[in-house]
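Each residue of the sequence shown is one higher than the one before, counting from 0 in numbering that gives the first Met the number 0. Where is the CB? At the ideal position from N, CA and C, for every residue including glycine. Below is one structure, written out as structure tokens; comments come after it.
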Amino acid sequence: MIWRKKNEKRLISILLCGALVLSMAACGSKEGAKKEETKTEETTKGNSGEATDKKYGLDMDSIVVAISSGYEPFCFDKDNELQGYDVDMWKEFEERTGIKVKWERADFSGLLGLLDSGKADVVAAQLTPTPEREEKYAFTEPETYYGSVIVVSNDNTDIKSADDLAGKTIGVGAGNEMQQDIEAMYPNGEVKFEIYQSATLENMLKDVEMGRIDGMLAQDIQAYMAIEKSGVKCKVVTPAFESSCGALAVKKDNTELLDGLNAFIKEIKEDGTSKAISEKWIGADVSVESK
0 MIWRKKNEKR LISILLCGAL VLSMAACGSK EGAKKEETKT EETTKGNSGE
50 ATDKKYGLDM DSIVVAISSG YEPFCFDKDN ELQGYDVDMW KEFEERTGIK
100 VKWERADFSG LLGLLDSGKA DVVAAQLTPT PEREEKYAFT EPETYYGSVI
150 VVSNDNTDIK SADDLAGKTI GVGAGNEMQQ DIEAMYPNGE VKFEIYQSAT
200 LENMLKDVEM GRIDGMLAQD IQAYMAIEKS GVKCKVVTPA FESSCGALAV
250 KKDNTELLDG LNAFIKEIKE DGTSKAISEK WIGADVSVES K
């Protein structure tokens, strides 16, 4: 009887030990499966480029944007804050990515130098990707499309097109590629250029109106708005002598940022955000090329 009780106790102990081992094994199996599942999930996300919450593949906390304010309607100061098409676009970028946008100001002619010095990550000034610029910098897909025009005084009857500029003095902003376009039309230097450092058109328009220069070069969008706002007695010579586009510029080797910005531009064009911002500031959709 005593032997039987001892064996029963031994049997119970063996069964309890067995159950404990099985339980531990099951827990280990579940934990291993969970780890493997997590590892697989991370690997899958890594393969798809979504291992983190990086929007457009950009791994940065902040981005420094070089601008030239006074460039209405794209970027200008009003009521002690920056406003305009470019400003709203970067606000949208900040909202979608969580990347803090910081501004670095300079005259238009000094903007690309901020890239060279490392003081800015990107230039946002409706730059045209000319062959000379593309040798040194990388440009995004176009943000906007515009026409290059000549502005003259209302009483000017001599200049009806870009073919009438020989012997004339024409104002142009420093670093503006439109000067190169006109120089290509007049390779013997028949046109004299008066260079203005400011990105605003105010001084040039006044000089055109007063007859100090014969005309000036500008984007059609900016020219129409500046004439209306200032009230100067000037007019735009139509049609535009050149069609161009505006894009963002980054360092040539910064392919990650270039790809990310292109993805952003593509997305806001497809979902209608670019159109809405354009119509707000310009009254028309300049984010698509005119047919």
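Helix, strand or coil at M209 according to DSSP, with G and I counted as helix: In the structure shown, M209 sits in a helix (DSSP, three-state: H, G or I).
Answer yes if the stretch 150-168 comes into contact with the stretch 243-258, meaning at least three C-beta pairs across the two stretches below 8 Å, and no otherwise. No contact exists between the stretch 243-258 and the stretch 150-168.
Between the alpha carbons of G271 and E193, how many angstroms are there, rounded? So the alpha carbons of these two residues sit roughly 40 Å apart.
Does the separation of the CB atoms of I169 and M215 fall below 9 Å? Their beta carbons are under 9 Å apart, which means I169 touches M215 by this criterion.
Determine the extent of the beta strand (DSSP E) in which T168 is found, giving its start and end residues. Counting along the chain, the unbroken beta strand (DSSP E) around T168 starts and ends at 168-172.
On a Cα-Cα basis, can you pick out the residue from M59, D85, E131 that is closest to E71? The candidate whose alpha carbon is nearest that of E71 is D85.
On the criterion of 16 or more Cβ atoms from any shown chain inside 10 Å, does G188 qualify as buried, or is it exposed? Classification of G188: exposed, given that the 10 Å Cβ count is below 16.
Is the beta carbon of S197 closer than 9 Å to that of F92? No.
Whole-number beta carbon distance between V190 and A165, since they are thought to touch under 8 Å: In this structure A165 is in contact with V190, their Cβ atoms being roughly 7 Å apart against a cut-off of 8 Å.
Start and end of the beta strand (DSSP E) containing M215? 214-218 is the extent of the beta strand (DSSP E) around M215.
Would you give the residue range spanned by the alpha helix (DSSP H) that K274 belongs to? 272-280 is the extent of the alpha helix (DSSP H) around K274.
N-terminal and C-terminal residue of the alpha helix (DSSP H) that Y84 is part of: Start and end: 84-96.
Just to confirm, is the Cβ distance from A239 to G172 under 9 Å? Remark: C-beta atoms of A239 and G172 do not approach each other more closely than 9 Å.
Whole angstroms are fine: how far does the CA of Y195 sit from the CA of M203? Computed Cα separation, rounded: 7 Å.
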